[in-house]
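The structure appears right after this line, and notes come after that.
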Amino acid sequence: MIIKNIEGKMRLAGLIAGLSLAVALLMVGAVSYFAYRQVSSARRSIYILDANNIPLSARQLDVQVNRPIEYRTHVNLFHSLFFTLTPDEKFIEYQMKRAMYLIDETGVLQYNNLREKGYFNSILSSSSVLTIQTDSIIIDPVKKYFRFYGKQSIDRRSSKLVRSLVTEGYLRDLELRTENNAHGVLITRWKTLENKDISHVQKNDI
């Protein structure tokens, strides 16, 4: 009788131990699942910072909803930096440095080609002020392709030149956003399709 009681207690202890293990495994699995979902949700979201750099968790937006807008803003920012220049060597270097964070080696190649041809030196010697006006930006978010249409004004002491500018390229998402690349996008395979004069007005001598 005593032996039977011992065997019953052992079976009961084994059953309790088995159930405890099963419950523990279920709890670990549930915690891991919800933690994974939380991390995935955080990666897909943007938090807005207030003036004190405190994230406002009440306002959370899905990245994919705003991604086409971010693509367009990124493309516009790059062209503004690359094509807006003044006759100031430090300012030109500053603009180019900021622009290179937004594009791959195709942007560096274009910059080096212009520098070798004396493009930036001509801006300094002629005291030219270059500005860019964006007409439109076409974005294909599926193919991650863009085409930029704009006009560049080159204002010299003796004349004002306006050129049409059409470029195209592709966009690559980056895993991280940085201070130098807030949109987490990199322009790739960038090239100029059109860059021709549309008006050239001589200024009257004063």
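In case it helps, my numbering puts the sequence shown at residues 149 to 354.
For each residue, glycine too, the CB sits at the ideal point set by N, CA and C.
Per-residue burial, residue i [other beta carbons within 10 Å of its own, 16 or more giving buried]
i	result
Ser-276	buried
Leu-257	exposed
Leu-324	exposed
Leu-209	In this prediction, Leu-209 scores a pLDDT of 49, lower than 50, which makes its location untrustworthy; no coordinate-derived value is stated.
Glu-264	exposed
Start and end residues, beta strand (DSSP E) containing residue i
i	result
Gly-317	307-321
Lys-339	333-350
Leu-278	277-288
Arg-325	Neither: Arg-325 is in no beta strand (DSSP E) and is coded neither H nor E.
Tyr-293	293-303
Distance CB(residue i)-CB(residue j) smaller than 7 angstroms
i	j	result
Phe-230	Ala-247	yes
Val-111	Ser-347	Outside the displayed span of the chain (149 to 354) sits residue 111, for which this structure offers no information.
Lys-351	Ser-307	yes
Thr-336	Asp-252	yes
Gly-298	Asp-283	yes
Pro-235	Leu-262	no
Arg-220	Ile-285	yes
Interface flag, residue i vs chain D, CB-CB below 7 angstroms
i	result
Thr-315	The displayed structure is made up of one protein chain only, and chain D is not part of it.
Range of the contiguous alpha helix (DSSP H) that encloses residue i
i	result
Leu-257	253-264
Tyr-267	267-274
Candidates the options, of which the one nearest residue i by Cα
i	options	result
His-227	Ser-274, Glu-316 and Arg-185	Glu-316
Lys-344	Met-244, Arg-159, Ser-312 and Leu-173	Ser-312
Discussion item. Could you tell me which whole alpha helix (DSSP H) segments of length 4 or greater appear in the segment 208-240?
Written reply: You should have 211-231.
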